[in-house]
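In the numbering used here, the protein residues as written are 1 to 103.
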């Protein structure tokens, strides 16, 4: 299996939990969100949120930036774009299936 396929599978696995998907959706609209802000949104304790963020970070889907004592998270746009391009390719017809029109 190619490294890219392993990476894509890891990203999809990370997105396979409702809380992590919700975190990604929130980060898409509110970049630079600190980890502590997610506890109230999802009604989960900070250690649980931290575990979910760790999974997203290890999958390469989010980036971090330290702001004082807090860690802020943002969507990694390159990783998400790569994943959406890959998923889009799954629905594209094969090149040999596109026949030129007869004139």
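Even for Gly, the Cβ is constructed at its ideal location relative to N, Cα and C.
Query, Result
"Within 7 Å, strictly: CB atoms of residue 64 and residue 73", "yes"
"Separation of residue 13 from residue 41, as counted between CA atoms", "22 Å"
"For residue 69, three-class secondary structure by DSSP", "coil"
"Which residues DSSP lists as bridging residue 64, in chain order", "73"
"Minimum C-alpha distance to residue 66 - residue among 2, 88, 33", "33"
"Own chain, CB closer than 7 Å to residue 22, minus 5 neighbours either side, in chain order", "42"
"Where the alpha helix (DSSP H) through residue 22 begins and ends", "18-29"
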